Amino acid sequence: MTSTITAEKAALRRRVRAYLEGLSPRQRRESDDALFARFLSLPQVEAADTLLLYHGMGAEPDTARLFPALWARGKRLCLPRCLPGHGMEARLIRPDSALVPHRLGMLEPGEDCPPVDRADIGLVLVPGLAFDLSGGRLGQGGGFYDRWLAGFSGFTAALCRAPLLLERLPAEGHDLPVALVLTEEGLYGPSAPLTAQSGA
75 MTSTITAEKA ALRRRVRAYL EGLSPRQRRE SDDALFARFL SLPQVEAADT LLLYHGMGAE
135 PDTARLFPAL WARGKRLCLP RCLPGHGMEA RLIRPDSALV PHRLGMLEPG EDCPPVDRAD
195 IGLVLVPGLA FDLSGGRLGQ GGGFYDRWLA GFSGFTAALC RAPLLLERLP AEGHDLPVAL
255 VLTEEGLYGP SAPLTAQSGA
């Protein structure tokens with residue numbers, strides 16, 4: 075069963091990446107604008123003092139555009155830093171922090187950025203290639219976030235371009251859903267208000 079699910083995930087990743095590569099810069103930006111407006115209006119964002127975001131790469135939402143708006147609200151922002159053995163840690167970034175490229179392509183905090191305890195983070199914005207209506211997530215396949223989130227008790231949210239919100243994703247026991255999935259059209263997942271799921 076596990077090998078079948080692994081094969082299903084690999085095939086789905088190929089299809090999703092092909093779709094994302096076909097988006098024009100204008101389509102990406104318009105999608106990002108709508109996603110970021112929804113994210114910044116979340117009460118959970120307002121309530122969190124410290125947030126763990128990610129630095130979008132490729133066709134991912136350009137999440138660096140969120141940083142100035144959140145700093146302007148007085149939020150503490152962290153980015154993930156990869157560790158050996160597919161581990162991950164959160165490190166605090168400031169407007170003048172220098173980010174360094176990881177071998178996988180994303181930008182991450184350097185050694186001069188202080189680590190932040192998981193218990194001090196109120197909200198995590200979780201990346202993913204695709205999501206489903208129950209908050210299920212299709213990641214890149216490295217398992218970094220599943221390992222880190224296993225010990226996290228705060229709120230989790232994700233940005234998902236609407237065509238990549240699927241009814242159900244293949245999942246294994248270690249796959250952790252997010253509490254809230256945001257698309258350009260609505261909010262979905264275990265913590266979504268019922269009215270929001272219609273796009274209200």
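Residue numbers (my numbering): 75 to 274. Glycine included, each C-beta is placed from N, C-alpha and C at the ideal position. Since the structure is predicted, the reported quantities are computational estimates derived from the model, not experimental observations.
(1) Indicate whether Thr124 and Ile79 have their beta-carbon atoms separated by less than 8 Å.
(2) Under a three-way DSSP split, which group does Phe205 fall into?
(3) Just mark Ala224 as buried or exposed, buried being the case when its beta carbon has 16 or more other beta carbons within 10 Å.
(4) How about Met180 and Met131: do their beta carbons lie closer than 8 Å?
(5) Tell me, please, whether the stretch 104-111 touches the stretch 253-262 by the rule of three or more beta-carbon pairs shorter than 8 Å.
(6) For His129, does the count of other Cβ atoms within 10 angstroms reach 16, so buried, or fall short, so exposed?
(7) Between Trp222 and Ala193, what straight-line distance do the alpha-carbon atoms span, to the nearest angstrom?
(8) Count the other CB atoms, across all protein chains shown, that sit within 10 Å of the CB of Ala122; report buried if there are 16 or more and exposed otherwise.
(9) Around the Cβ of Gly202, are there at least 16 other Cβ atoms within 10 angstroms (buried) or fewer (exposed)?
(10) Count the C-beta pairs between the stretch 203-212 and the stretch 167-184 that are closer than 8 Å, then say yes if the count reaches three, no if not.
(11) Exposed or buried, Arg117, counting other C-beta atoms within 10 Å across all chains shown (16 or more means buried)?
(12) When you compare each of Val190, Leu114 and Pro188 to Ala231 by their alpha carbons, which one comes out closest?
(13) Restricting to Cα atoms, I'd like to know which of Arg242, Phe226 and Ala236 is closest to Arg211.
(14) Ignoring anything shorter than 3 residues, give me the beta strand (DSSP E) runs that lie fully in the stretch 129-181, in order along the chain.
(15) Taking Glu95 as the reference, give the member of Arg235, Glu82, Asp220 and Pro244 with the closest Cα.
(16) According to the neighbour-count rule (16 or more other Cβ atoms, all chains shown, within 10 Å of its Cβ), is Glu182 buried or exposed?
(17) With a cut-off of 8 Å, does the C-beta of Val200 fall near any C-beta of chain C?
Straight from the coordinates:
(1) Within the sequence shown, residue 124 is the residue found at index 50, counting from 1. Within the sequence shown, residue 79 is the residue found at index 5, counting from 1. No, Cβ-Cβ distance for Thr124 and Ile79 is not below 8 Å.
(2) Position 131 of the sequence shown holds residue 205. Strand at Phe205.
(3) As a first step, residue 224 must be located in the sequence shown, where it is residue number 150. Exposed, because fewer than 16 other Cβ atoms sit within 10 Å of the Cβ of Ala224.
(4) Locating residue 180 in the sequence shown gives position 106, counting from the first residue. Locating residue 131 in the sequence shown gives position 57, counting from the first residue. Their beta carbons are under 8 Å apart, which means Met180 touches Met131 by this criterion.
(5) yes
(6) As a position in the sequence shown, residue 129 is number 55, starting the count at 1. With 16 or more other Cβ atoms within 10 Å, it is buried.
(7) Here residue 222 is taken as the residue at index 148 of the sequence shown, counted from 1. Here residue 193 is taken as the residue at index 119 of the sequence shown, counted from 1. For Trp222 and Ala193, the distance between alpha carbons rounds to 12 Å.
(8) On the sequence shown, position 48 is the one that residue 122 refers to. Result: buried.
(9) Taking the sequence shown and counting its residues from 1, the one referred to as residue 202 is at position 128. So Gly202 counts as buried.
(10) no
(11) By one-based count along the sequence shown, residue 117 stands at place 43. Position check: residue 117 holds Pro in this sequence, whereas Arg was assumed. Exposed, by the Cβ-count rule.
(12) Walking along the sequence shown from the start, residue 231 turns up at place 157. Nearest option by C-alpha distance: Leu114.
(13) The residue you call residue 211 lines up with position 137 of the sequence shown. Nearest C-alpha to Arg211: Arg242.
(14) 150-157, 161-167 and 173-175
(15) For the purposes of this step, residue 95 is identified with residue 21 of the sequence shown, where counting begins at 1. Taking only the C-alpha atoms, the option nearest Glu95 is Arg235.
(16) The residue given as residue 182 occupies position 108 in the sequence shown. It is buried - the Cβ of Glu182 has at least 16 other Cβ atoms within 10 Å.
(17) In the structure shown, chain C does not exist; there is a single protein chain.
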